[in-house]
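Student: Could you have a look at this structure, given as structure tokens, before my questions?
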Amino acid sequence: MADLVIGATVKVVLDKLLSLTIEEAKILRNCKKNLRMLTKYVSMIQALIHDAEKRQVNDQAVEQWLKMLERAVEDAENVFDEFRYESLKAQVMNIQTKLMEKVSNFFSHTAYKYKMSRKINNINEELRAINQLANDLGLKSLMVPSQKIILIRETDSVVVASDVVGRDKDVAEIKEKI
Numbered sequence: 001m002a003d004l005v006i007g008a009t010v011k012v013v014l015d016k017l018l019s020l021t022i023e024e025a026k027i028l029r030n031c032k033k034n035l036r037m038l039t040k041y042v043s044m045i046q047a048l049i050h051d052a053e054k055r056q057v058n059d060q061a062v063e064q065w066l067k068m069l070e071r072a073v074e075d076a077e078n079v080f081d082e083f084r085y086e087s088l089k090a091q092v093m094n095i096q097t098k099l100m101e102k103v104s105n106f107f108s109h110t111a112y113k114y115k116m117s118r119k120i121n122n123i124n125e126e127l128r129a130i131n132q133l134a135n136d137l138g139l140k141s142l143m144v145p146s147q148k149i150i151l152i153r154e155t156d157s158v159v160v161a162s163d164v165v166g167r168d169k170d171v172a173e174i175k176e177k178i
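No gaps in the numbering here: position 5 of the sequence shown is 5 in full-length UniProt numbering, and each next residue is one more.
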């Protein structure tokens, strides 16, 4: 039963990874290619998850693939949490500073961008391998029908006068008839 939760967990984390904001992406200008590749791999893997969830009950290899994917996605989530932290830290420290502090921040920022670029590249390689394994397992991209939410109108025999808007004329006519 816990294995069925893996797919849902992975979906949530993959959605979180894809929601990288533009401001955060600006910080990693040199990582644009890696971020595009990451988005590509994540999108491809998301398309395979529905098929994997259906097949994991009967296929041990697919179940192992989902667990491997979950571990890789958790690693990716940790990297992006670190990235978001550094992004927020940069926004907070965006107050005017002296020239020496700017130079110091430039070098530490450059080292940070290099480190993050390497981490994102490693995640891309891991997701590429997972995607290739999915192809080897024969997982297919299935279209999942969107779940429609049916809104049910609330009905109640008790009407609160403050909830009724724009019916003053009708109320006056009914009072005259009574």
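Cβ coordinates follow ideal geometry from the N, Cα and C atoms, glycine included. These figures come from a predicted structure and were not determined experimentally.
From what residue to what residue does the alpha helix (DSSP H) around residue 59 run?
Tutor: That residue, residue 59, is in no alpha helix (DSSP H); it is neither H nor E in DSSP.
Student: Once the 5 residues before and after residue 86 are set aside, which same chain residues still bring their CB inside 7 Å of it?
Tutor: 112.
Student: Taking its Cβ as the centre, do 16 or more other Cβ atoms sit within 10 Å of residue 174, making it buried, or is it exposed?
Tutor: Exposed: under 16 other Cβ atoms inside 10 Å.
Student: Is it buried or exposed for residue 64, if we count other Cβ within 10 angstroms and need 16 for buried?
Tutor: Label assigned to residue 64: exposed.
Student: Can you tell which of 140, 119, 165, 170 has its C-alpha closest to the C-alpha of residue 76?
Tutor: It is 119 whose Cα lies nearest to the Cα of residue 76.
Student: Can you have a look at residue 129 and say buried or exposed, based on whether 16 or more other CB atoms are within 10 angstroms of its CB?
Tutor: Residue 129 is exposed by the Cβ-count criterion.
Student: Applying the 10 Å Cβ sphere with the 16-neighbour rule, what's the burial state of residue 88?
Tutor: Residue 88 should be labelled exposed.
Student: Apart from the five residues just before and just after residue 99, which ones in its own chain have a Cβ nearer than 6 Å to its Cβ?
Tutor: At residue 99 the pLDDT is 45, less than 50, meaning the model places this residue with poor confidence; the figure from the coordinates comes in the next sentence. Same-chain partners within the cutoff: there are none.
Student: Distance check for residue 93 and residue 3, CA to CA, integer angstroms please.
Tutor: Only weak support exists for where residue 3 lies, its pLDDT of 49 falling under 50; the coordinates are left without a value.
Student: Among 66, 165, 117, 170, which one has its Cα closest to the Cα of residue 181?
Tutor: What the structure shows of the chain is the stretch from 1 to 178, and residue 181 is not part of that stretch, so it cannot be assessed.
Student: Hey, how far is the Cα of residue 83 from the Cα of residue 91?
Tutor: Cα to Cα, the separation comes out at about 12 Å.
Student: So, does the CB of residue 86 fall closer than 7 Å to a CB anywhere in chain C?
Tutor: The structure shown contains no chain C; it is built from a single protein chain.
Student: Name the two residues that bound the continuous alpha helix (DSSP H) containing residue 171.
Tutor: Residue 171 -> alpha helix (DSSP H) spans 168 to 177.
Student: Could you tell me which of 33, 177, 178, 68 sits nearest to residue 45, measuring between CA atoms?
Tutor: For residue 45, the nearest C-alpha among the options comes from 68.
Student: Does DSSP put residue 186 in a helix, in a strand, or in coil?
Tutor: Nothing about residue 186 can be read from this structure; the chain reaches only from 1 to 178.
Student: Taking the alpha-carbon positions, what's the residue 50 to residue 141 distance?
Tutor: When rounded, the distance between both Cα atoms is 8 Å.
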